[in-house]
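Novice: Residue numbers (our numbering): 470 to 1027.
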Ligand code: ATP
Ligand code: MG
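1) Which ranges would you report for the beta strand (DSSP E) in the segment 726-750 if only whole runs of at least 3 residues count?
2) Thinking C-beta only, is residue 633 closer than 8 Å to residue 661?
3) Would DSSP call residue 566 helix, strand or coil?
4) On the premise that residue 711 lies in contact with residue 1068, defined as a C-beta separation below 8 Å, what is that separation, rounded to the nearest angstrom?
5) Identify whether residue 783 lies in helix, strand or coil by the three-state DSSP scheme.
6) What residue ranges within the segment 529-583 form continuous alpha helix (DSSP H) runs of no fewer than 4 residues, ordered along the chain?
7) Are the beta-carbon atoms belonging to residue 719 and residue 495 less than 8 Å from one another?
8) Within its chain, find whatever has a CB closer than 6 Å to the CB of residue 872; leave out the 5 residues flanking it on each side and keep chain order.
9) Closer than 7 Å: is that where the CB of residue 736 sits relative to any heavy atom of the ligand GTP?
10) Per DSSP, what are the beta-bridge partners of residue 817 in this structure?
11) Let me make sure I understand the geometry here. Which of 576, 645, 507 has the alpha-carbon closest to that of residue 550?
12) Mind checking residue 989: buried by the 16 CB within 10 Å criterion, or exposed?
13) Pick helix, strand or coil for residue 616, following the three-state DSSP scheme.
14) Between 746, 671, 846, which has its C-alpha nearest residue 830's C-alpha?
15) In the DSSP assignment, find the beta strand (DSSP E) that holds residue 831 and state where it starts and stops.
16) For residue 1044 versus residue 1017, is the C-beta spacing smaller than 8 Å?
17) With DSSP as the reference, label residue 996 as helix, strand or coil.
18) List the residues that DSSP assigns as beta-bridge partners of residue 989.
19) For residue 981, count neighbouring Cβ atoms within 10 angstroms of its own Cβ and tell me buried if that reaches 16, exposed if not.
20) In three-state terms, what does DSSP make of residue 767?
21) For residue 724, which residues does DSSP report across the bridge?
22) Per DSSP, what are the beta-bridge partners of residue 1003 in this structure?
23) Around the C-beta of residue 781, are 16 or more other C-beta atoms found within 10 angstroms, so that it is buried, or is it exposed?
24) Where DSSP assigns a beta bridge to residue 674, which residues make up the other side?
25) From residue 1030 to residue 1013, what does the alpha carbon distance come to, in whole angstroms?
26) Can you tell me whether DSSP reads residue 488 as helix, strand or coil?
27) Confirm, please, whether the CB-CB distance from residue 654 to residue 601 is below 8 Å.
28) Per DSSP, residue 499 is paired with what?
29) Given this structure, state the Cα-to-Cα distance separating residue 824 from residue 851, to the nearest angstrom.
30) Rounded to whole angstroms, what is the Cα-Cα separation between residue 854 and residue 946?
31) Considering only heavy atoms of the ligand ATP, does any lie closer than 7 Å to the CB of residue 684?
32) Touching or not, the segment 965-984 and the segment 802-818, by the rule of three or more beta carbon pairs under 8 Å?
33) Please classify residue 477: does DSSP put it in a helix, a strand, or coil?
34) Nearer than 7 Å: is that true of the beta carbon of residue 867 relative to any heavy atom of the ligand ATP?
35) Which residue comes first and which comes last in the alpha helix (DSSP H) that contains residue 892?
Written out as structure tokens, the structure is:
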């Protein structure tokens, strides 16, 4: 991949190093909350954090931001770790967990109370909202704001000891109820949640908010540059305020634009809904923009990384065409995949002048992109299958494939000429009778005559049949950030996003395949062996079609 110029984050870091900040060290982190699987947007964040740390000879932490017990689970933690490993981002000795810092967070909260910078507030939730004001109106101070330090300490301890019901009170920072930034109007630091935590069990019944916990997590780990998406920009004053008040190590928060992709959504909440409402078959459904889904579909780590490099880093949000991702996937698979022949929608050809019962093993090139890939043998017989679409009884103009009286080339085999169409009593084509020219073995005529099409084919007697799952966009709308009023994202779900074809004739070489193996089905696309594959039923997922939509879009100036 061609190297891009220095982006604004690298510029900031270069300047920090130049000016001797953070002892000229760089330490980044990727902090997913284990409340869902990672998606391609997370891959972008991971890639940015990881590559920056490596480039500057710094450190990179993988940290579970697990401070909210309600939706976090061990299953998600395991999936995240597995995904990061798959992508190949090495996090060093250990995975960090924010929940390991609960005792420290609690101590920091007490320090704030002792400085007169935090108080326990008993306003009920609706009053809390009312007092907070709006974007245009300042807030009002809570009647509990002037509690003494001693009183606050006692009450906070009682909160911690479970002496109050959920919602009875909260701990708030004492900042400024008139601040134009609503987040600075005495934000919540701790709330009571009598929910057990997947790692900490019932040790805690109060949990810190994101804004309080996140800056502390970064500080505790010695992070220097805390890179996050743009929605956290308005949280930055709060990030800075907590660290200043506590006078502890102060990382620099820098925001970048999140990834948005056409025809998909990158929101954990919405992806969770697709899984829970069974629109898809789990988080690793190959249609999902999750790392697990992409892995199952056949996207390689390298293609995902090349894509991340290409999109780069900026501050302004944009919508990236999903064809760009497909382009990188196709580019990598082109280099590494063995070519095979599979017919998705078969129609039978009988080669009338080919001897009955004869099997000829023809040489097929495994991968023209890889000199060392060698050749394999493909059996040729009297009866074969080709794609229905490759034949037209009454050809339209510019249809160069098979039609009555026309000659075409069978890949790696011979020229054949269509002589006769055999129909059943309903008038449907049952089989097509052709003759072959034995002098055209390998696909060239000694008399130099040319044909305009080369078709893939599979022997009808020596083959293996496979199941093929074809995928299309998850949603029907290009920009899923522009949902019409009165609709939800689910209204745009593409009901044709999965099509299953069973009993597709495939060349016999695909008889014993293993989960995860990747192939190019000639003239169709790249396919990956699905984990549902078991003895007797080989299942292939369409990774990407062969046709490069991206080149077309680029040429069209889009
Ligand atoms: P949700 O969708 O539930 O709001 P999230 O995707 O922000 O959650 P986190 O687990 O907090 O989930 O994300 C971990 C990191 O990934 C954060 O630093 C976040 O900024 C980043 N991230 C999330 N979505 C994207 C995206 N679309 N593009 C780039 N980075 C992202
Ligand atoms: Mg988030």
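Note that beta-carbon positions come from the ideal geometry of N, C-alpha and C, so glycine has one too. As the structure is a prediction and not an experimental result, all values here were calculated from the model.
Specialist: Well, looking at it:
1) 728-730
2) The count along the chain shown starts at 1 and reaches residue 661 at position 192. The count along the chain shown starts at 1 and reaches residue 633 at position 164. Going by C-beta atoms, residue 661 is nearer than 8 Å to residue 633.
3) To locate residue 566, count along the chain shown from 1; it is residue 97. Three-state result, residue 566: strand.
4) Residue coverage of the chain in this structure runs from 470 to 1027, which leaves residue 1068 outside it and unanswerable.
5) Against the chain shown, residue 783 aligns to sequence position 314. In this structure, residue 783 counts as coil in the three-state DSSP scheme.
6) 543-556, 571-583
7) Indexing the chain shown from 1 puts residue 719 at position 250. Indexing the chain shown from 1 puts residue 495 at position 26. Going by C-beta atoms, residue 719 is not nearer than 8 Å to residue 495.
8) Translated into positions along the chain shown, residue 872 becomes position 403. 861, 864.
9) Ligands displayed in this structure: the ligand ATP and the ligand MG; the ligand GTP is not among them.
10) Translated into positions along the chain shown, residue 817 becomes position 348. Residue 817 pairs with 854, 900.
11) In the chain shown, the residue the question calls residue 550 occupies position 81. Out of 576, 645, 507, 507 has the C-alpha closest to the C-alpha of residue 550.
12) Start at 1 with the first residue of the chain shown, and residue 989 comes out as number 520. Answer is buried; the Cβ neighbour count reaches 16.
13) As a working note, residue 616 is residue 147 in the chain shown. Residue state, collapsed to three classes: coil.
14) By one-based count along the chain shown, residue 830 stands at place 361. Nearest option by C-alpha distance: 846.
15) What you label residue 831 is simply residue 362 of the chain shown in a count that begins at 1. Counting along the chain, the beta strand (DSSP E) containing residue 831 begins and ends at 829-834.
16) What is shown of the chain runs 470 to 1027, which leaves residue 1044 out entirely.
17) Residue numbering aside, residue 996 sits at position 527 when the chain shown is read from its first letter. Strand.
18) As a first step, residue 989 must be located in the chain shown, where it is residue number 520. According to DSSP, which records beta bridges pairwise, residue 989 is partnered with 808, 995.
19) Taking the chain shown and counting its residues from 1, one reaches residue 981 at position 512. Looking at its Cβ environment, which holds fewer than 16 other Cβ atoms inside 10 Å, residue 981 is exposed.
20) Within the chain shown, the letter at position 298 stands for residue 767. Correct three-state label for residue 767: coil.
21) Numbered from 1 along the chain shown, position 255 holds the residue referred to as residue 724. In the DSSP output, where bridge partners are listed per residue, residue 724 has 697.
22) Mapped onto the chain shown, residue 1003 falls at position 534. For residue 1003, which the question treats as bridged, DSSP gives the partners 1006.
23) Within the chain shown, numbered from 1, the residue matching residue 781 stands at position 312. Answer is exposed; the Cβ neighbour count stays below 16.
24) Mapped onto the chain shown, residue 674 falls at position 205. Per DSSP, none; premise fails for residue 674.
25) No statement about residue 1030 is possible, as the shown extent of the chain runs from 470 to 1027 and does not include it.
26) Within the chain shown, residue 488 is the residue found at index 19, counting from 1. If DSSP states are grouped into helix, strand and coil, residue 488 belongs with coil.
27) In the chain shown, counting from the first residue as 1, residue 601 sits at position 132. In the chain shown, counting from the first residue as 1, residue 654 sits at position 185. It is a contact, given that the beta carbons lie within the stated cut-off.
28) Position 30 of the chain shown, counting from 1, holds the residue named residue 499. Answer is 531, bridged to residue 499.
29) If you number the chain shown from 1, residue 824 lands on position 355. If you number the chain shown from 1, residue 851 lands on position 382. If you take the alpha carbons of residue 824 and residue 851, they lie about 7 Å apart.
30) In the chain shown, the residue the question calls residue 854 occupies position 385. In the chain shown, the residue the question calls residue 946 occupies position 477. Approximately 37 Å between the Cα atoms of the pair.
31) Here residue 684 corresponds to residue number 215 of the chain shown, with the count starting at 1. For the ligand ATP, not one heavy atom lies less than 7 Å from the Cβ of residue 684.
32) yes
33) Counting from 1 along the chain shown, the entry for residue 477 is found at position 8. It is helical.
34) Taking the chain shown and counting its residues from 1, one reaches residue 867 at position 398. Flag unset: Cβ of residue 867 not near the ligand ATP.
35) Translated into positions along the chain shown, residue 892 becomes position 423. First-last for residue 892: 884-892, but that is the beta strand (DSSP E), not the alpha helix (DSSP H).
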